[in-house]
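Notes to accompany the following structure.
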Amino acid sequence: MILNNIVTFFRFIVVGMSNTLVDFLVFFSLIALHVPYMWAQIFGYSVGVINSYIWNRTWTFRSAGGIKKQFVRFLVVNLCSLIVTIMMLHRFSEMFPIALNKTIATMGGIAINWFGSRMWVFSEKVCCEEK
């Protein structure tokens, strides 16, 4: 059980790194085009969410069944994470350079996504309810 959790967390981190890369590329590209950081965050985060759902469902948590409920829960968790990251970006906007600010906000988002995904979105109970 512990080894399984370690492997799952490792996969979550790998997927998260790819999501973060996608998010950062879109975010900083939009910032370079003078898009306000809140809109850049929303768009970049949304592109990362699509990547995240596909890879976490198929590879990280190897989920089957329950796709409708999972998708709605996944969106709820990610909406919460998005709100927190936007609040953090806003709160720290004058305290830190944008790159550090974005990194701090991303760490907050990772914590919310891990616990939400592991305990609620892709839990065994949810995955098996609609079979």
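Residue numbers are given in full-length UniProt numbering: position 27 of the sequence shown equals residue 27, and the series is strictly consecutive.
Virtual Cβ for every residue (Gly too), placed ideally from N, Cα, C.
CB of residue i within 9 angstroms of CB of residue j, strictly
i: Leu82; j: Gly116; result: no
i: Gln41; j: Phe61; result: no
i: Val84; j: Ala105; result: yes
i: Leu30; j: Trp39; result: yes
i: Tyr45; j: Ser93; result: no
Nearest-angstrom Cβ-Cβ length linking residue i and residue j, presumed shorter than 8 angstroms
i: Leu89; j: Asn78; result: Not a contact, Cβ separation roughly 16 angstroms.
i: Gln70; j: Phe122; result: 7 angstroms
i: Val47; j: Val76; result: Not a contact, Cβ separation roughly 18 angstroms.
i: Ile91; j: Trp120; result: According to the sequence as given, residue 91 is Arg; it is not Ile. Arg91 to Trp120, Cβ: 26 angstroms. No contact.
With 16 other Cβ atoms within 10 Å as the buried cut-off, status of residue i
i: Lys131; result: Residue confidence for Lys131 is low, a pLDDT of 44 falling below 50, so the modelled location carries little weight and cannot support an answer.
i: Arg57; result: buried
i: Glu129; result: Confidence in Glu129 is poor, its pLDDT being 49 and thus under 50, which makes the residue's placement too unreliable to answer from.
i: Cys127; result: Residue placement at Cys127 is flagged as unreliable, the pLDDT there being 49, under the threshold of 50; the coordinate-derived value follows with that caveat. Buried, by the Cβ-count rule.
i: Asn19; result: buried
i: Met1; result: exposed
i: residue 132; result: Nothing in the structure corresponds to residue 132, since the chain is present only between 1 and 131.
i: Asn5; result: exposed
Taking 8 angstroms as the cut-off, does the stretch 47-55 touch the stretch 12-27 (at least 3 CB pairs, one atom from each stretch)? The way I'd put it, the stretch 12-27 does touch the stretch 47-55; three or more beta-carbon pairs between them come closer than 8 angstroms.
Taking only runs that begin and end inside the stretch 6-71, name each unbroken alpha helix (DSSP H) of 4 or more residues, in chain order. Segments of the alpha helix (DSSP H) lying fully in the stretch 6-71: 37-55.
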